[in-house]
């Protein structure tokens, strides 16, 4: 899974970098900027949102694929579920492992969607948990981590 993802991410990242707008890079070059400045201020700000989105998407795919591969005998949490069902008939532990797998996949999906949205739009998104907290407390104020 890892080798395939590395190849895919390398290809997708290079495509994103090749597709950036040359305007900012040319402006930095024309004003005497070095190659590192061209990369830092001309290419990275344009390419990074798409690259991070691709990386998070591949991570989600890998988590799902590892669970499925385990179910067919490649190890991991899927193999644990199959072993509990096939050999021992331990339904409660198999159900708990399956529930844990589903919750982990859903949690990873929600977190990566929020991170992608934050990177692409630049705005924080309200998670379902923060929406529930607003409904419970009646306050729309975001919690602060500042020391007073």
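Numbering (the numbering used here), first residue to last: 23 to 170.
Don't be surprised by glycine CBs; every beta carbon is placed ideally from N, CA and C.
- For residue 116, the secondary structure class from DSSP, reduced to helix, strand or coil, is helix.
- Membership of residue 78 in the alpha helix (DSSP H) is indicated by the continuous run 66-93.
- The straight-line gap separating the alpha-carbon atoms of residue 141 and residue 35 is approximately 16 Å.
- Your pair residue 68 and residue 43 checks out as a contact, with CB atoms roughly 6 Å apart and the cut at 8 Å.
- Put simply, the segment 116-134 touches the segment 83-92. At least three CB pairs are less than 8 Å apart.
- Nearest to residue 62 by C-alpha distance, out of 75, 46, 143, is 46.
- Rounded to whole angstroms, the gap between the alpha carbons of residue 39 and residue 71 is 11 Å.
- Residue range 24-40 is occupied by the alpha helix (DSSP H) that includes residue 38.
- Within the same chain, 88, 89, 90, 91, 92, 93, 94, 123 come within 8 Å of residue 100 by CB-CB distance, once the 5 residues on both sides are set aside.
- Residue 100: member of the alpha helix (DSSP H) spanning 99-105, first to last residue.
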